[in-house]
Amino acid sequence: TASGEIFNTNAMTAAHLTLPFGTKLKVTNLKNGQSVVVRVNDRGPHVRGRIIDLSVAAAKKIGLVHAGTTRVKLEVFE
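If you read the sequence shown in the numbering used here, its first letter stands for residue 4, the second for the next number, and so on.
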(Lines of atoms letter the chains of each structure in order from A and count residues from 1; the text may use other names and numbers.)
(Lines give C-alpha, C1' and ligand atoms only; values in the text may rest on other atoms or scores of the structure.)
Protein backbone atom coordinates (compact mmCIF):
# COMPACT_ATOMS: atom_id res chain seq x y z
CA THR A 1 0.00 0.00 0.00
CA ALA A 2 1.03 3.63 -0.28
CA SER A 3 1.43 3.76 3.52
CA GLY A 4 4.05 1.02 3.38
CA GLU A 5 1.83 -1.69 4.86
CA ILE A 6 1.52 -5.03 3.14
CA PHE A 7 -1.99 -5.22 1.69
CA ASN A 8 -4.28 -7.57 3.61
CA THR A 9 -7.55 -8.29 1.82
CA ASN A 10 -9.02 -9.54 5.14
CA ALA A 11 -8.35 -6.31 7.04
CA MET A 12 -10.92 -3.53 7.41
CA THR A 13 -9.00 -1.02 5.31
CA ALA A 14 -9.58 1.42 2.47
CA ALA A 15 -7.91 3.63 -0.09
CA HIS A 16 -8.75 7.34 -0.29
CA LEU A 17 -7.05 10.02 -2.37
CA THR A 18 -6.67 12.76 0.26
CA LEU A 19 -7.47 11.61 3.81
CA PRO A 20 -4.45 11.02 6.06
CA PHE A 21 -3.27 7.46 6.59
CA GLY A 22 -4.78 6.08 9.78
CA THR A 23 -8.05 7.98 9.43
CA LYS A 24 -10.96 5.80 10.53
CA LEU A 25 -14.12 6.07 8.48
CA LYS A 26 -17.61 4.73 8.91
CA VAL A 27 -18.73 3.68 5.41
CA THR A 28 -22.47 3.15 4.94
CA ASN A 29 -23.95 1.44 1.89
CA LEU A 30 -26.90 3.71 1.01
CA LYS A 31 -28.79 0.88 -0.72
CA ASN A 32 -29.04 -1.40 2.32
CA GLY A 33 -27.98 0.71 5.33
CA GLN A 34 -25.13 -1.63 6.31
CA SER A 35 -22.01 0.03 7.73
CA VAL A 36 -18.39 -0.83 8.40
CA VAL A 37 -15.51 1.04 10.05
CA VAL A 38 -12.31 1.05 8.00
CA ARG A 39 -8.85 2.58 8.32
CA VAL A 40 -7.28 4.48 5.41
CA ASN A 41 -3.94 2.89 4.52
CA ASP A 42 -3.67 3.44 0.77
CA ARG A 43 -4.18 6.01 -1.98
CA GLY A 44 -6.88 5.68 -4.57
CA PRO A 45 -9.19 5.00 -6.19
CA HIS A 46 -7.77 6.15 -9.48
CA VAL A 47 -11.06 5.84 -11.35
CA ARG A 48 -13.03 9.00 -12.11
CA GLY A 49 -16.16 9.40 -9.99
CA ARG A 50 -15.09 7.04 -7.22
CA ILE A 51 -14.12 8.29 -3.78
CA ILE A 52 -13.08 5.18 -1.86
CA ASP A 53 -11.84 1.63 -2.45
CA LEU A 54 -12.58 -0.96 0.23
CA SER A 55 -10.75 -4.17 1.04
CA VAL A 56 -12.67 -7.33 0.13
CA ALA A 57 -13.47 -7.99 3.81
CA ALA A 58 -14.91 -4.48 4.27
CA ALA A 59 -16.92 -4.74 1.04
CA LYS A 60 -18.41 -8.04 2.24
CA LYS A 61 -19.51 -6.45 5.53
CA ILE A 62 -21.69 -3.94 3.70
CA GLY A 63 -22.98 -6.26 0.97
CA LEU A 64 -20.90 -4.77 -1.81
CA VAL A 65 -18.88 -7.68 -3.18
CA HIS A 66 -21.25 -8.70 -5.97
CA ALA A 67 -22.36 -5.18 -6.91
CA GLY A 68 -18.80 -3.87 -7.12
CA THR A 69 -19.80 -0.23 -6.75
CA THR A 70 -22.59 1.68 -5.04
CA ARG A 71 -23.30 5.03 -3.43
CA VAL A 72 -21.94 5.29 0.10
CA LYS A 73 -21.89 7.77 2.95
CA LEU A 74 -18.51 8.47 4.60
CA GLU A 75 -18.14 9.71 8.16
CA VAL A 76 -14.90 10.26 10.04
CA PHE A 77 -15.08 7.82 12.96
CA GLU A 78 -13.28 8.68 16.17
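Even for Gly, the Cβ is constructed at its ideal location relative to N, Cα and C.
According to DSSP, R42 sits in a beta bridge with which residue or residues? T16 and K27
If you compare alpha carbons, which of L28, H69, R53 and V50 is closest to M15? L28
Can you tell me where the alpha helix (DSSP H) with V59 in it begins and where it stops? V59 to K64
Grouping DSSP H, G and I as helix and E and B as strand, with all else coil, what is K76? The DSSP-derived three-state label of K76 is strand.
Using a threshold of 7 Å, state whether the C-beta atoms of V41 and V30 are closer than that. The answer is yes: Cβ separation under 7 Å.
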